[in-house]
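Student:
Protein chains: 2
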Amino acid sequence: MHSPQHFSRFAVPALDRAMTGDLQRKIDRKTKPQGALGRLESLALQLGLIQQTLSPKLIDPHVLVCAGDHGAAKAGVSAFPQEVTWQMVENFLAGGAAINVLARQAGMKLVVADAGVAHDFGPRAGLIDAKVGADGTANYLEGAAMSEAQCAAAMNHGARLAREFAAAGCNVLGFGEMGIGNTASASLITHCITGLPLAECVGRGTGLDDAGLERKRALLAQALSIWPERPEADRPVDNDALRVLTRFGGFEIAMLAGAMLAAAEARMTLLIDGFIVTSALLVAAQVAPSILDFCVFAHCSNEAGHRLQLGWLKGEPLLDLGLRLGEGTGAALALPLLNAACAFMNEMASFESAGVSEKT
Amino acid sequence: MHSPQHFSRFAVPALDRAMTGDLQRKIDRKTKPQGALGRLESLALQLGLIQQTLSPKLIDPHVLVCAGDHGAAKAGVSAFPQEVTWQMVENFLAGGAAINVLARQAGMKLVVADAGVAHDFGPRAGLIDAKVGADGTANYLEGAAMSEAQCAAAMNHGARLAREFAAAGCNVLGFGEMGIGNTASASLITHCITGLPLAECVGRGTGLDDAGLERKRALLAQALSIWPERPEADRPVDNDALRVLTRFGGFEIAMLAGAMLAAAEARMTLLIDGFIVTSALLVAAQVAPSILDFCVFAHCSNEAGHRLQLGWLKGEPLLDLGLRLGEGTGAALALPLLNAACAFMNEMASFESAGVSEKT
């Protein structure tokens, strides 16, 4: 059992659904056949409920990218060397990564945080120092990836940032990550929380070949087997997600989980990216199940386990473009659909206002 | 057989694929695992080939919405009364329809054309007068929907507009439509050109109930049965798509087909919307098969036959949001993905430029 004193409490509200009827009526009076805007309509309804208004709007959208290194990366769970984590953080800071380009395109503010990259960046403009461990996590093939105090500290860093965004007026937050080895971490977390077979939760990450995938599966099975407190095969841990996070997590995953919980607490819309971000959500949703009402699933990743996570969470992704990059790229690509959902609610004419005849 | 003298010729170029290798190399050198941007990568490749450049960009995007009325609408093929066509055109002109809102959101210029609405709008700012018939098409339950001369005139109107856009610099054109009864028309066209069973090509349109759907199917089977030149069940007409268009088409569908052909001739990117727009493309693709290389399929509509059309054309839609509104709404919603594909090609760093290590 984890020691509850380490971890902050989060009070994620239950979504008040009293406005559902009024929102649906507004949607249905727009000059279109009922339901003809498909998923945009359910999205508009959700945004209206989150914001408790008939005229939802997105204010100052941010995407938070948390980076961290993984002790297990040295054991060969990734196709890329560990140094790529800090090099990609430098790429973020220089503006040249995919998320820089796509966030700019979508009008999202990109915030990059070092949750525990094994590299000394020094004080740097544009990089949030949220470093929990100077060398990344410990190797879960040998023991716990982090201490409870570290896990709680990473979550608190994320929560603090989300609260800062909310205080400044931002009401929609996308989540992204960078960390060589973090699909492995996400696979273990997903298996432990959902109880889905480990092998099915493991994918090719940044591009392992068949042999690499087999090695990754074997290493992760081993990581699980040496954990004395591992869940039984037929019984996921459920209410002890923080124990799983501490054992297998990355600092960036813990930071994201904390940021998500605080963002939902502040009634923001959470724009969930791919496999690793969703593993953070699996943890957060065990801590506070009502967080899911605040989540929009941006896309379905090509990383094998993401579809399983979405199925388990009953999440309906907006996009299905075969992305498998992380960094929050799916969240940035989905933002225009959220903007469109708000725009049709706020700007489209109704049958009455436009003088259009109705269905006979 | 149609009389070839009525119809303009279109010279749609074959796509020169010589740059494929260079484009793929540029995509693969970007700081991401190979293939990790999924569908955005194939889209970037296609845009590069269409524009014959390693740095594709979208210039002055337009969406052309063609409106027309259908003689068969009076027979009860739609859930909405025919007057909704002109009322919705008024709604477009007033800025209150879904496509107004979504085109604005996407930064697309909306152009609305009256291809043959059964309503006298008079001269109106913002409405292109391309009226081929003052009362809409004739009822194909009694004879041909239009004459060959009318069909050719509608196509020429579309072609002229597309050429004007191209001449002004626009290089991406979305297509939309409005016309009560036009899913019925699109169903007949789709059946005749693809040979797919008529019943499967018929859907609920703006929202028919089960009884309405059955009636629509029966009426369309009847329309087909009274056509002396109907194709045999096992042999679609193939090379005589213009004969099908003349028999069952809407003026707006013919206008769209002409606009598509001229747009591809001018090497624009064609952003294809839903079921009715795709029926126009089925015609255009029989006239000039290489047009398909210039097409991006914006989305898969919830109108039953659209998935069949996409399958037949081997079109891979970008979005699958359960839309079934038409008006070009899917095209407007997909445009940000095309912008994203161009942006990553033009703005992302390469492994070399960012100093990022590669896969081991």
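Residue numbers (my numbering), protein chains in the order written: chain A, 1 to 360; chain B, 361 to 720. Where is the CB? At the ideal position from N, CA and C, for every residue including glycine.
Is it buried or exposed, residue 1/A, if we count other Cβ atoms within 10 angstroms and call 16 or more buried?
Tutor: Within the first sequence, numbered from 1, the residue matching residue 1/A stands at position 1. Model confidence at residue 1/A stands at a pLDDT of 46, short of 50, so the residue's coordinates are unreliable; what they give is reported in the following sentence. That one is exposed.
Student: Quick check on this structure: which residue in 175/A, 248/A and 286/A has the alpha carbon closest to the alpha carbon of residue 103/A?
Tutor: On the first sequence, residue 103/A is found 103 positions in, with the first residue counted as 1. The residue with the shortest Cα to Cα distance from residue 103/A is 175/A.
Student: Is the Cβ of residue 55/A closer than 8 Å to any Cβ of chain B?
Tutor: Here the question's residue 55/A lines up with position 55 in the first sequence. No, because no Cβ of chain B sits closer than 8 Å to the Cβ of residue 55/A.
Student: Would you say residue 425/B lies against chain A (beta-carbon separation less than 8 Å)?
Tutor: The residue given as residue 425/B occupies position 65 in the second sequence. Chain A, which has no Cβ nearer than 8 Å to the Cβ of residue 425/B, makes this no.
Student: Mind listing the chain A neighbours of residue 716/B? Cutoff is C-beta to C-beta under 7 Å, in chain order.
Tutor: Within the second sequence, the letter at position 356 stands for residue 716/B. The contacting residues are 84, 87, 88 and 91.
Student: For the candidate residues 435/B, 458/B, 511/B and 581/B, whose alpha-carbon lies nearest to that of residue 551/B?
Tutor: Your numbering for residue 551/B matches position 191 in the second sequence. Out of 435/B, 458/B, 511/B and 581/B, 581/B has the C-alpha closest to the C-alpha of residue 551/B.
Student: Along chain B, in chain order, which residues have C-beta atoms closer than 7 Å to that of residue 183/A?
Tutor: On the first sequence, residue 183/A is found 183 positions in, with the first residue counted as 1. Under the 7 Å cutoff, chain B gives no residues; its nearest Cβ is about 11 Å from residue 183/A.
Student: Give the interface partners of residue 411/B over in chain A, defined as CB-CB distance under 8 Å, in chain order.
Tutor: Locating residue 411/B in the second sequence gives position 51, counting from the first residue. Chain A residues near residue 411/B: none, gap ~18 Å exceeds 8 Å.
Student: So does the stretch 36-45 of chain A actually touch the stretch 570-590 of chain B, counting three or more Cβ pairs closer than 8 Å?
Tutor: No, because fewer than three Cβ pairs between the stretch 36-45 of chain A and the stretch 570-590 of chain B fall closer than 8 Å, the two stretches do not touch.
Student: Determine, for residue 693/B, whether the minimum Cβ-Cβ distance to residues of chain A falls below 8 Å.
Tutor: As a first step, residue 693/B is located in the second sequence; it is residue number 333 there, counting from the start. Interface residue, yes.
Student: Roughly how many angstroms lie between the CA atoms of residue 68/A and residue 136/A, to the nearest whole one?
Tutor: For the purposes of this step, residue 68/A is taken as the residue at position 68 of the first sequence. For the purposes of this step, residue 136/A is taken as the residue at position 136 of the first sequence. Those two C-alpha atoms are separated by around 6 Å.
Student: Tell me which residues of the stretch 98-119 of chain A have at least one Cβ-Cβ distance to chain B shorter than 9 Å, keeping chain order.
Tutor: Residues passing the 9 Å Cβ filter: 98, 100, 101, 102, 104, 105 and 106.
Student: Starting from the Cα of residue 76/A, find the closest Cα among 93/A, 47/A, 139/A and 110/A and give me that residue.
Tutor: Counting from one through the first sequence, the residue named residue 76/A turns up at place 76. The candidate whose alpha carbon is nearest that of residue 76/A is 139/A.
Student: Under 8 Å between beta-carbons, which chain B residues line up against residue 336/A? List them in chain order, please.
Tutor: For this step, residue 336/A is matched to residue 336 along the first sequence. Per Cβ cutoff of 8 Å: 465, 466, 693 and 696.
Student: Measure from the alpha carbon of residue 629/B to the alpha carbon of each residue in 420/B, 401/B and 686/B, then state which is nearest.
Tutor: Numbered from its first residue, the second sequence carries residue 629/B at position 269. It is 420/B whose Cα lies nearest to the Cα of residue 629/B.
Student: Sorted by chain position, which residues of the same chain lie with C-beta nearer than 8 Å to residue 200/A's C-beta, five sequence neighbours on each side aside?
Tutor: By 1-based counting over the first sequence, the position of residue 200/A is 200. Correct list, in chain order: 304, 305 and 308.
Student: Rounded to the nearest angstrom, what separates residue 332/A and residue 172/A at their Cα positions?
Tutor: For the purposes of this step, residue 332/A is taken as the residue at position 332 of the first sequence. For the purposes of this step, residue 172/A is taken as the residue at position 172 of the first sequence. Their backbone Cα atoms lie some 11 Å apart in a straight line.
Student: Taking 8 Å as the limit between beta carbons, can you name the residues of its chain near residue 654/B, skipping five residues before and five after?
Tutor: Position 294 of the second sequence holds residue 654/B. So the list reads 372, 375, 410, 623, 624, 627, 628, 629 and 630, once near-sequence residues are dropped.
Student: Going by Cα to Cα distance, which pick from 369/B, 407/B and 401/B is closest to residue 377/B?
Tutor: By one-based count along the second sequence, residue 377/B stands at place 17. Among 369/B, 407/B and 401/B, the Cα nearest to that of residue 377/B belongs to 407/B.
Student: Since residue 349/A and residue 457/B are thought to touch, with beta carbons under 8 Å apart, how far apart are those beta carbons, to the nearest angstrom?
Tutor: Within the first sequence, the letter at position 349 stands for residue 349/A. Within the second sequence, the letter at position 97 stands for residue 457/B. Their Cβ separation, rounded to whole angstroms, is 7 Å, which keeps residue 349/A and residue 457/B in contact under 8 Å.
Student: Since residue 482/B is in the beta strand (DSSP E), which residue starts that stretch and which ends it?
Tutor: Numbered from 1 along the second sequence, position 122 holds the residue referred to as residue 482/B. Element bounds for residue 482/B: n/a, residue is neither H nor E.
Student: What are the start and end residues of the alpha helix (DSSP H) that includes residue 183/A?
Tutor: Position 183 of the first sequence, counting from 1, holds the residue named residue 183/A. Run containing residue 183/A: 182-194, per the alpha helix (DSSP H) assignment.
Student: Report the rounded CA-to-CA distance for residue 369/B versus residue 542/B, giving the unit in angstroms.
Tutor: Stepping through the second sequence from its first residue, residue 369/B is reached at position 9. Stepping through the second sequence from its first residue, residue 542/B is reached at position 182. Distance between the alpha carbons of residue 369/B and residue 542/B is about 26 Å.
Student: Given a cut-off of 8 Å, decide if residue 298/A and residue 276/A are closer than it, judged by their beta-carbon atoms.
Tutor: For the purposes of this step, residue 276/A is identified with residue 276 of the first sequence, where counting begins at 1. For the purposes of this step, residue 298/A is identified with residue 298 of the first sequence, where counting begins at 1. It is not a contact, given that the beta carbons lie outside the stated cut-off.
Student: Hey, how far is the Cα of residue 342/A from the Cα of residue 683/B?
Tutor: Along the first sequence, read from residue 1 onward, the residue named residue 342/A stands at position 342. Along the second sequence, read from residue 1 onward, the residue named residue 683/B stands at position 323. Straight-line Cα distance between these residues: approximately 16 Å.
Student: With a threshold of 8 Å, are at least 3 pairs of Cβ atoms found where one atom belongs to the stretch 474-481 of chain B and the other to the stretch 604-617 of chain B?
Tutor: The answer is yes - the stretch 604-617 of chain B touches the stretch 474-481 of chain B, with three or more Cβ pairs under 8 Å.
Student: Please state whether DSSP places residue 332/A in a helix, a strand or coil.
Tutor: For the purposes of this step, residue 332/A is identified with residue 332 of the first sequence, where counting begins at 1. Correct three-state label for residue 332/A: helix.
Student: Run through chain B and tell me which residues come within less than 8 Å of residue 353/A, C-beta to C-beta.
Tutor: Walking along the first sequence from the start, residue 353/A turns up at place 353. Ordered by position in chain B, the residues that pass the 8 Å Cβ test against residue 353/A are 456.
Student: Taking 8 Å as the threshold (C-beta atoms), are residue 87/A and residue 73/A in contact?
Tutor: Here residue 73/A corresponds to residue number 73 of the first sequence, with the count starting at 1. Here residue 87/A corresponds to residue number 87 of the first sequence, with the count starting at 1. Against a cut-off of 8 Å, the Cβ pair of residue 87/A and residue 73/A comes out as no contact.
Student: Start and end of the alpha helix (DSSP H) containing residue 90/A?
Tutor: Counting from one through the first sequence, the residue named residue 90/A turns up at place 90. Residue 90/A -> alpha helix (DSSP H) spans 84-94.
Student: Note the first and the last residue of the continuous alpha helix (DSSP H) segment covering residue 711/B.
Tutor: Locating residue 711/B in the second sequence gives position 351, counting from the first residue. Looking at the DSSP string, the run of the alpha helix (DSSP H) that includes residue 711/B is 711-714.
Student: Have a look at 548/B, 608/B, 480/B and 618/B and flag the residue whose alpha-carbon is nearest the alpha-carbon of residue 506/B.
Tutor: Within the second sequence, the letter at position 146 stands for residue 506/B. Of the candidates 548/B, 608/B, 480/B and 618/B, the one whose C-alpha sits nearest the C-alpha of residue 506/B is 608/B.
Student: Give the DSSP-derived three-state secondary structure of residue 178/A in the structure shown.
Tutor: Locating residue 178/A in the first sequence gives position 178, where the first residue counts as 1. In this structure, residue 178/A counts as strand in the three-state DSSP scheme.
Student: Please classify residue 483/B as buried or exposed, where buried requires at least 16 neighbouring CB atoms within 10 angstroms.
Tutor: By 1-based counting over the second sequence, the position of residue 483/B is 123. Classification for residue 483/B: exposed.
Student: Taking 8 Å as the threshold (beta carbon to beta carbon), is residue 574/B in contact with chain A?
Tutor: Looking up residue 574/B in the second sequence gives position 214. Taking Cβ atoms only, chain A never reaches closer than 8 Å to residue 574/B, which makes this a no.
Student: Any beta carbon from chain A within less than 8 Å of residue 682/B's own beta carbon?
Tutor: As a position in the second sequence, residue 682/B is number 322, starting the count at 1. Closer than 8 Å to some Cβ of chain A, the Cβ of residue 682/B qualifies, so yes.
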